[in-house]
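Asks: Take a look at the following structure, please.
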Amino acid sequence: MWKFIGVGICLLALTATALRQGQVIRELRRQAPADGIEAPRPSTEPNSSPARDAPWRERVPRAVAVADEGLNDRVAVLEKTVAKLTEASEYLMSRGQLPLANEKRAALEQKVMDPNASDRDRLQALRLLRRNGAMSDAMIQHTLSWIQGATNSGLREDLVEQLGNSTNSLMREPMLKLATTDPNPDVREQAIENLRRFVTDPQVESALWSLLRTEADGDVREQAEEALREGPMTEARQTAMRARAIDPNSSLDERLLAVQALREAGDAASEATAALAQFAQASQDPRERARVFEAFDGSSDPNMKLPLVYGLQDPNPLVRESAADALSGYKSDPAIMQWLKHVAENDADPRVRREASQSLNDRR
101 MWKFIGVGIC LLALTATALR QGQVIRELRR QAPADGIEAP RPSTEPNSSP
151 ARDAPWRERV PRAVAVADEG LNDRVAVLEK TVAKLTEASE YLMSRGQLPL
201 ANEKRAALEQ KVMDPNASDR DRLQALRLLR RNGAMSDAMI QHTLSWIQGA
251 TNSGLREDLV EQLGNSTNSL MREPMLKLAT TDPNPDVREQ AIENLRRFVT
301 DPQVESALWS LLRTEADGDV REQAEEALRE GPMTEARQTA MRARAIDPNS
351 SLDERLLAVQ ALREAGDAAS EATAALAQFA QASQDPRERA RVFEAFDGSS
401 DPNMKLPLVY GLQDPNPLVR ESAADALSGY KSDPAIMQWL KHVAENDADP
451 RVRREASQSL NDRR
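Be aware that the sequence shown starts at 101, since it is given in the working numbering, and climbs by one per residue.
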């Protein structure tokens, strides 16, 4: 963090230097004669004559020219310095490493809202605003209107992506609509990614659970799972997740996802784990047993240890493989190491032996 603060201070210092250099250049230009060499003034002395004044007239322009040449050199050096600093400032602002100047921000906003500009130029301006954290409410509202009028799905996806860092409440309803009704799966997926920050809203969470049951695209479903699993966790969400995890009327996928979300939030979810351990032991479907064990890969919950050991002895190799993988999380039990060593040396399936060996290696 201190590194970024130091960089920011240096960048602000560079900007201040550039501004000061610009002031110096303007001051030097005011000091320089308008025509480069000032004409000598006629003498007002009584005895003056053109011949007598000639040496003075010859010397003074030469001295002025020398001084003016030095001044121009200084101005040229300063101009180059300011140009370099300005170029560096523009580059850093374009990368979001330097706050946008007010004039730059206003110009970008004007470009985004310019109906005569190309979509490419408008989108680039929007990216710079987003990268610099300069998305005002007005700009978010304009972008949402732009999305609604965009017929190109690629453009809609890009526009939705530019709203990804925002938690502005203006986005919730439009993102929900895109996530559930947009004909393009990439747009739906990106909209769900944006909804992750609003998952504490019951309406948003309910829509995401519904998408898990109805969405045909696998990537979109995976994004919905990720939003539910990794989104912000409140006490109300935690309570609802615990209830879903032990509800026998919920699908296995929903129950496992609820447990994973609780674990992601630091909740051991012991009651839910115990319920799923019983489910795994009672299920007659080897795919369901394997799914439960896969969900607890890396876990060290004591409620799951014994079912996993039983899983090493399951008649189905897929179940044994999943159990061997999941047991890598139980690092302090010598009995588990003995079981894994036995399986690594004696199991009939090479994939199971390989998984048990990898778990043993993970433990060392």
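Where a beta carbon is used, it is the ideal one built from N, C-alpha and C, also for glycine.
For Leu412, count neighbouring C-beta atoms within 10 Å of its own C-beta (all shown protein chains included) and say buried if the count is 16 or more, exposed if not.
Replies: Classification for Leu412: buried.
Asks: Please classify Met213: does DSSP put it in a helix, a strand, or coil?
Replies: Reduced to three states, the DSSP call for Met213 is coil.
Asks: Between the beta-carbon of Val320 and the beta-carbon of Pro285, is there less than 8 angstroms?
Replies: Yes, the pair counts as a contact, with Cβ atoms nearer than the cut-off.
Asks: Is there a Cβ of chain D sitting closer than 8 angstroms to that of Pro332, yes or no?
Replies: Looking for chain D here will not work: only one protein chain is present.
Asks: Once you ignore the five residues that flank Met404 on each side, which residues in its own chain have a CB closer than 7 angstroms to its CB?
Replies: Excluding positions up to five away in sequence, the list reads Thr373, Ala377, Phe396.
Asks: Residues in the same chain with beta-carbon distance under 7 angstroms from Ala424, minus the five sequence neighbours each way, listed in chain order, please.
Replies: Here the set comprises Leu412, Leu440, Val443, Val452, Glu455, Ala456, Ser459.
Asks: Given Arg230, which residues of its chain have a CB within under 7 angstroms of its CB, disregarding the five upstream and five downstream residues?
Replies: If we look at Arg230 and ignore the five residues flanking it on each side, its Cβ neighbours are Gln262, Asn265.
Asks: Whole alpha helix (DSSP H) runs in the stretch 201 to 275 with 4 or more residues, listed along the chain?
Replies: Entirely contained in the stretch 201 to 275, the alpha helix (DSSP H) runs reaching 4 residues are, in chain order, 202 to 212, 219 to 231, 237 to 249, 253 to 262.
Asks: What I want to know is whether the C-beta of Thr281 ends up closer than 7 angstroms to one or more non-hydrogen atoms of the ligand GDP.
Replies: Annotation note on the ligand GDP: not contained in the displayed structure, which lists no ligands.
Asks: According to DSSP, is Phe393 helix, strand or coil?
Replies: In this structure, Phe393 counts as helix in the three-state DSSP scheme.
Asks: As a quick exercise: from Ala380, Gly398, Asp385, Ser399, pick the residue whose alpha carbon is nearest that of Val465.
Replies: The first residue shown for the chain is 101 and the last is 464, placing residue 465 beyond what the model contains.
Asks: Are Arg272 and Phe298 closer than 8 angstroms when you measure CB to CB?
Replies: Yes, the Cβ-Cβ distance between Arg272 and Phe298 is below 8 angstroms.
Asks: Could you tell me the distance, in whole angstroms, from the CA atom of Arg205 to the CA atom of Ala250?
Replies: If you take the alpha carbons of Arg205 and Ala250, they lie about 24 angstroms apart.
Asks: Suppose only complete runs of 4+ residues qualify. What are the alpha helix (DSSP H) ranges in the stretch 341 to 371, listed by chain order?
Replies: Entirely contained in the stretch 341 to 371, the alpha helix (DSSP H) runs reaching 4 residues are, in chain order, 352 to 364.
Asks: Given a cut-off of 8 angstroms on the beta-carbon distance, is the pair Asp414 and Arg387 in contact?
Replies: Contact flag unset, no.
Asks: Leu295 and Leu276 look like a contact to me (Cβ under 8 angstroms); what is the Cβ gap, rounded to whole Å?
Replies: Correct: roughly 7 angstroms between the Cβ atoms.
Asks: On the DSSP letters alone, give me the boundaries of the alpha helix (DSSP H) that Lys431 sits inside.
Replies: Neither: Lys431 is in no alpha helix (DSSP H) and is coded neither H nor E.
Asks: State the Cα-Cα distance for the pair Ser269 and Arg227, rounded to the nearest angstrom.
Replies: For Ser269 and Arg227, the distance between alpha carbons rounds to 20 angstroms.
Asks: Suppose contacts are defined by Cβ-Cβ distances below 8 angstroms. Is Ile292 in contact with Ala340 by that definition?
Replies: Against a cut-off of 8 angstroms, the Cβ pair of Ala340 and Ile292 comes out as no contact.
Asks: Does DSSP classify Gln458 as helix, strand or coil?
Replies: Three-state DSSP puts Gln458 in a helix.
Asks: Starting from Ala448, follow the alpha helix (DSSP H) in both directions and report where the run begins and ends.
Replies: Segment: none, Ala448 is in no alpha helix (DSSP H) and carries neither H nor E.
Asks: So, is Glu371 buried or exposed, given that buried needs 16 or more other C-beta atoms within 10 angstroms?
Replies: So Glu371 ends up on the exposed side.
Asks: Just to confirm, is the Cβ distance from Gly449 to Ser428 under 8 angstroms?
Replies: Per the sequence shown, residue 449 should be read as Asp rather than Gly. Taking 8 angstroms as the Cβ cut-off, Asp449 and Ser428 do not qualify as a contacting pair.
Asks: Mind checking Leu406: buried by the 16 CB within 10 Å criterion, or exposed?
Replies: With fewer than 16 other Cβ atoms within 10 Å, it is exposed.
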